[in-house]
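Heads up: the sequence lines are chains W and V, in that order.
Numbered by our numbering, the letters in the first sequence go through residues 161 to 578 in order.
Numbered by our numbering, the letters in the second sequence go through residues 558 to 930 in order.
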Amino acid sequence: MVFRALTRQVGRRALIALTVALGVSLSTAILSVMWNIGDKVNEELKAYGANIVVRPQSSAILSSLYEDADTGSATLAEEDLGKIKTIFWAFNILDFAPFLSLDASVADSTASVEGTWFNKTLDLPTGEQAQAGMKNLRSWWDVSGDWLSDCCDDKVMASSSYAAAHGLTVGQMVTVGGPSTSKTLKLAGIYDSGDSSASDLLVTLKTAQELAGSPGAVSRIEVSALTTPDNDLARRAAKDPKLLSAADWETWYCTAYVSSIAYQLEEVIPESVARPVRQIAESEGVVLEKTQSLMLVIALLSLIGAAMGIANLITASVMERAAEIGLMKAIGGTSRQVVFTILAENLVIGAIGGLAGYFAGLGLAQVIGEAVFGTSISITPIVAPIMAGLVLVVIAVGSLPAIRLLLKLKPAEVLHGR
Amino acid sequence: MAADAKRARRAMFTTMIVRALSRRRSRMLVALLAVTVGATMLTGLSAVVLGAPSQMGRELRSYGANLVVSGNISTSSLPSLDAAVASDDVVGRAPYRYAELKLNEQAVTAAGTDMESVQSVRPYWQVSGSYPTSGQVLLGRDLAATFGLKTGETISLAKVGADEAAAMTVAGILDTGGSEDSFVVLPLEDLDKLLGEEGKLDVVEYSIATSNLDAAAAKLAQAVPGASADPVKRLAKSENTVLNTLSSLLGIVAVVVLTLMLITVATTMLAVVTERRSEIGLKKAIGASHRELLREFLGEGVLLGIAGGVVGGILGLGFSQLVAMQVFARPIDVVWGLLPASILISAAVTVVASLWPVGRVLATDPAIVLREE
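If you want it as structure tokens, here you go:
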């Protein structure tokens with residue numbers, strides 16, 4: 161009977177299947193996007209720059225406190241940098257860049273010089289490769305001319321304010337005299353950072369090390385990591401991880417809090433202090449939380465909307481079959497049989513529509529991901545059972561009251577048309 | 558005669574629609590519910606999508622000041638600066654004065670500011686202890702570690718070159734991960750007193766939620782002669798990137814949800830009207846013209862659409878406020894234009910979705926329609 165009912169009146173059944181498919185595909189797409197939104201927005205927020213800064217243990221205090229203190233005394237080792245990509249949360253490290261700062265004399269005046277990686281390909285101890293460099297950590301910079309590249313150590317970049325003050329133009333040769341040697345470099349580009357914190361001149365890390373006479377030295381590492389917003393546990397841990405209980409410590413260490421990532425960085429880089437940059441790390445948490453709750457509300461809204469739409473249509477289609485139900489009853493069907501028949505039929509239709517909708521929804525999620533974030537949306541397994549449950553409940557809720565109502569009527573009346 | 562007939566026909570038309578709606582109550586309820594849910598979604602989602610980016614812009618202000626005023630400024634220029642920008646947009650404003658001081662006979666950088674307003678401009682500051690009142694200071698984390706100082710201890714602060722030192726209490730330790738970690742932060746008045754020179758300011762930071770930061774900067778720079786105002790490029794540029802992404806995400810999601818919602822409303826209407834095949838057939842058999850029948854269903858559709866659109870529109874606007882309060886803890890601007898839009902779209906969808914099946918029935922011979930089932 162169910163089979164016959166399905167094969168006849170294809171048009172109306174198709175309408176229900178289509179609506180179920182539409183509702184399910186919409187909800188699947190939105191839920192998939194919602195489950196991914198945290199990571200995606202987090203990546204967008206990386207535009208604000210690094211959220212962890214690693215400094216040598218002793219100079220962390222001294223260098224900023226006493227400008228003339230010998231900063232060369234405490235440095236990090238360039239060879240340890242690859243280890244950053246080997247920590248527990250290595251996949252959450254999106255980018256990092258080492259910096260070596262020094263004061264140099266350029267044309268009889270002092271200029272602050274920083275050496276860094278721009279976009280370097282690293283060979284990791286694990287045999288893999290990774291990209292790192294400051295180019296992505298300064299997304300807001302306007303550069304006229306070219307960025308430097310890590311291959312060529314004969315070029316320099318200047319800040320727009322320094323270039324303006326000293327009348328420098330792109331292509332010009334600049335002689336930079338460091339504590340150890342002096343070098344003549346070609347000005348490749350001029351950057352406008354929009355604030356005063358950037359150094360006057362920017363060179364490759366190797367050039368800076370040679371100028372300073374300290375090979376392999378790094379005075380600061382900026383790290384951009386994907387993090388989970390801080391909670392109570394993270395705040396307690398930030399004060400002193402050793403005060404946590406063993407279980408709490410485990411939870412904290414295995415969650416991507418900014419404090420646990422900083423802690424793990426300190427573990428792999430000897431003699432270092434890793435500090436979260438609160439301006440970036442805290443605000444990230446706020447923005448992420450808001451975006452997630454906004455998406456959650458929209459997802460709920462669309463789930464409810466889809467559910468009501470489907471339930472409504474099913475009620476309408478059951479009402480439409482008043483005569484058929486009356487007939488079934490008239491020829492001796494029990495109420496239970498009638499309910500079972502119609503419910504089974506609707507469930508089969510719903511299952512077909514739901515399955516098609518689920519896969520269409522996964523596709524739709526990818527389209528949204530590509531269009532908005534330019535990356536794919538990972539498939540979240542939990543969405544499938546949620547959708548199955550939703551379809552089941554919606555079909556039951558949509559069919560049962562209507563069937564009940566029709567069963568209460570006398571078959572003769574129903575068949576008569578009123 | 559002709560006028561009488563016209564009036565009678567109009568009366569009949571009204572009666573038929575009203576009866577059609579009131580008699581088949583449960584079925585019409587289904588249709589009305591579908592239209593209302595659709596309209597609620599339409600209005601609610603549109604209102605959220607329109608309002609969310611500016612709300613999010615406000616949340617992004619937790620990154621701190623996005624406009625910095627420097628140059629020839631003093632505490633007396635603050636009122637004219639404040640008057641230059643719309644106060645609704647200003648999330649926070651804090652004045653700063655920097656100086657070299659001697660802390661326990663060693664040189665440190667001190668920042669004087671207004672403790673209340675600095676919390677609105679730099680909400681990311683983490684203070685263990687409390688913000689200082691008069692006679693108290695905040696110590697940067699690194700500074701506290703170097704000097705081995707803790708909350709509650711007393712320090713002596715003095716102007717470089719002065720003999721007299723003031724005793725102050727450490728109210729809290731400041732952790733920012735930035736340069737403030739090695740600063741002493743104290744109330745502006747206390748710093749003025751120590752330096753023996755009042756009113757001077759180095760920087761005024763503004764945290765402004767506006768889409769046109771450059772215009773705000775230009776107004777601020779004009780407000781005080783000798784002052785310059787610069788947007789903080791890092792924040793302004795990143796903010797644009799993030800907000801654009803968010804708007805396009807919400808936009809796409811809204812378009813998808815609304816399209817599917819409209820289709821769902823249409824299919825429900827389709828089912829409700831298709832059910833009345835025999836009624837249409839019968840009316841046609843007893844002599845109703847196509848025009849009259851189409852007009853009848855058109856009237857029904859418009860009535861349903863308007864009713865659903867009004868109820869749904871109001872519910873949707875209320876709903877969007879609920880969402881805004883829930884997510885942002887602030888109401889969003891009500892876009893009243895959404896209400897007529899909701900009514901128009903609902904009416905259009907119901908009319909199209911009901912006239913299409915009617916047309917199909919009309920194309921068939923009434924005898925066939927009536928014999929079915």
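Glycine residues also receive a C-beta, built at the ideal position from the N, C-alpha and C atoms.
I'd like to know whether the C-beta of residue i is nearer than 8 Å to at least one C-beta of chain W.
| i | result |
| --- | --- |
| alanine 609 (chain V) | yes |
| phenylalanine 570 (chain V) | no |
| tyrosine 620 (chain V) | yes |
| threonine 600 (chain V) | no |
| alanine 668 (chain V) | no |
| aspartate 771 (chain V) | no |
| alanine 828 (chain V) | yes |
| glutamate 930 (chain V) | At glutamate 930 (chain V) the pLDDT is 46, less than 50, meaning the model places this residue with poor confidence and gives no usable figure here. |
| glycine 503 (chain V) | With chain V covering only 558 through 930, there is no way to say anything about residue 503 (chain V). |
| lysine 563 (chain V) | no |
| glycine 735 (chain V) | yes |
| isoleucine 809 (chain V) | yes |
Could you spell out where the beta strand (DSSP E) holding residue i opens and where it closes?
| i | result |
| --- | --- |
| glutamate 657 (chain V) | 647-660 |
| glutamate 530 (chain W) | Where glutamate 530 (chain W) is concerned, there is no enclosing beta strand (DSSP E), although the alpha helix (DSSP H) it sits in stretches over 495-533. |
| arginine 917 (chain V) | Counting along the chain, arginine 917 (chain V) falls outside any beta strand (DSSP E), though it belongs to the alpha helix (DSSP H) covering 895-920. |
| glycine 808 (chain V) | Premise fails: glycine 808 (chain V) lies in the alpha helix (DSSP H), 790-831, not in any beta strand (DSSP E). |
| arginine 215 (chain W) | 212-216 |
How many whole angstroms separate the CB atoms of residue i and residue j, which I take to be in contact at a CB cut-off of 8 Å?
| i | j | result |
| --- | --- | --- |
| aspartate 749 (chain V) | tyrosine 655 (chain V) | Incorrect: roughly 13 Å between the Cβ atoms, too far for contact. |
| methionine 818 (chain V) | glycine 465 (chain W) | 6 Å |
| threonine 670 (chain V) | leucine 745 (chain V) | 6 Å |
| methionine 479 (chain W) | valine 594 (chain V) | The Cβ separation is near 18 Å, so there is no contact. |
| isoleucine 900 (chain V) | valine 761 (chain V) | Isoleucine 900 (chain V) to valine 761 (chain V), Cβ: 49 Å. No contact. |
| valine 428 (chain W) | threonine 246 (chain W) | 7 Å |
| alanine 766 (chain V) | valine 648 (chain V) | 6 Å |
| leucine 800 (chain V) | leucine 624 (chain V) | No, leucine 800 (chain V) and leucine 624 (chain V) are not in contact; Cβ-Cβ is about 17 Å, not under 8 Å. |
| phenylalanine 911 (chain V) | valine 830 (chain V) | Residue identity check: residue 911 (chain V) is serine in the sequence provided, not phenylalanine. Confirmed, Cβ separation roughly 5 Å. |
| glycine 621 (chain V) | valine 675 (chain V) | The Cβ separation is near 10 Å, so there is no contact. |
Thinking C-alpha only, which one of the options is nearest residue i?
| i | options | result |
| --- | --- | --- |
| isoleucine 440 (chain W) | W:Ile509, W:Trp195, W:Tyr208 | W:Tyr208 |
| isoleucine 502 (chain W) | W:Ile474, W:Gly529, W:Ala490 | W:Ile474 |
| serine 420 (chain W) | W:Pro430, W:Ile429, W:Pro436 | W:Pro436 |
| aspartate 747 (chain V) | V:Gln779, V:Gln693, V:Ala640 | V:Gln693 |
| valine 742 (chain V) | V:Ser795, V:Ser687, V:Ile925 | V:Ser687 |
| alanine 416 (chain W) | W:Leu404, W:Ser432, W:Ala394 | W:Ala394 |
| glutamate 203 (chain W) | W:Leu186, W:Gly242, W:Ser299, W:Lys280 | W:Ser299 |
| glycine 916 (chain V) | V:Leu855, V:Leu872, V:Leu879, V:Ala864 | V:Leu855 |
| aspartate 360 (chain W) | W:Val508, W:Ser319, W:Thr281 | W:Ser319 |
Is DSSP giving residue i helix, strand or coil here?
| i | result |
| --- | --- |
| serine 223 (chain W) | Here serine 223 (chain W) scores only 46 on pLDDT, less than 50, and its place in the model should not be relied on; the value that follows carries that caveat. DSSP places serine 223 (chain W) in helix when its eight states are reduced to three. |
| proline 389 (chain W) | coil |
| aspartate 771 (chain V) | helix |
| methionine 598 (chain V) | helix |
| serine 634 (chain V) | helix |
| asparagine 629 (chain V) | strand |
| alanine 724 (chain V) | strand |
| lysine 707 (chain V) | coil |
| glutamine 369 (chain W) | helix |
| glutamate 755 (chain V) | coil |
| tyrosine 423 (chain W) | helix |
| isoleucine 429 (chain W) | coil |
| isoleucine 730 (chain V) | strand |
| methionine 294 (chain W) | coil |
| alanine 271 (chain W) | strand |
For a cutoff of 8 Å on Cβ pairs, would you count residue i as touching chain V?
| i | result |
| --- | --- |
| tryptophan 300 (chain W) | yes |
| glutamine 526 (chain W) | no |
| asparagine 196 (chain W) | no |
| glutamine 291 (chain W) | no |
| methionine 488 (chain W) | no |
| leucine 175 (chain W) | yes |
| methionine 317 (chain W) | no |
| leucine 191 (chain W) | no |
| alanine 385 (chain W) | no |
What first and last residue would you give for the alpha helix (DSSP H) that runs through residue i?
| i | result |
| --- | --- |
| glycine 873 (chain V) | 847-885 |
| isoleucine 485 (chain W) | 482-490 |
| tyrosine 417 (chain W) | Neither: tyrosine 417 (chain W) is in no alpha helix (DSSP H) and is coded neither H nor E. |
| lysine 841 (chain V) | 834-842 |
Closest Cβ-Cβ distance between residue i and chain B: below 8 Å?
| i | result |
| --- | --- |
| tyrosine 417 (chain W) | Within the model displayed, chain B is absent; protein chains W and V are what it includes. |
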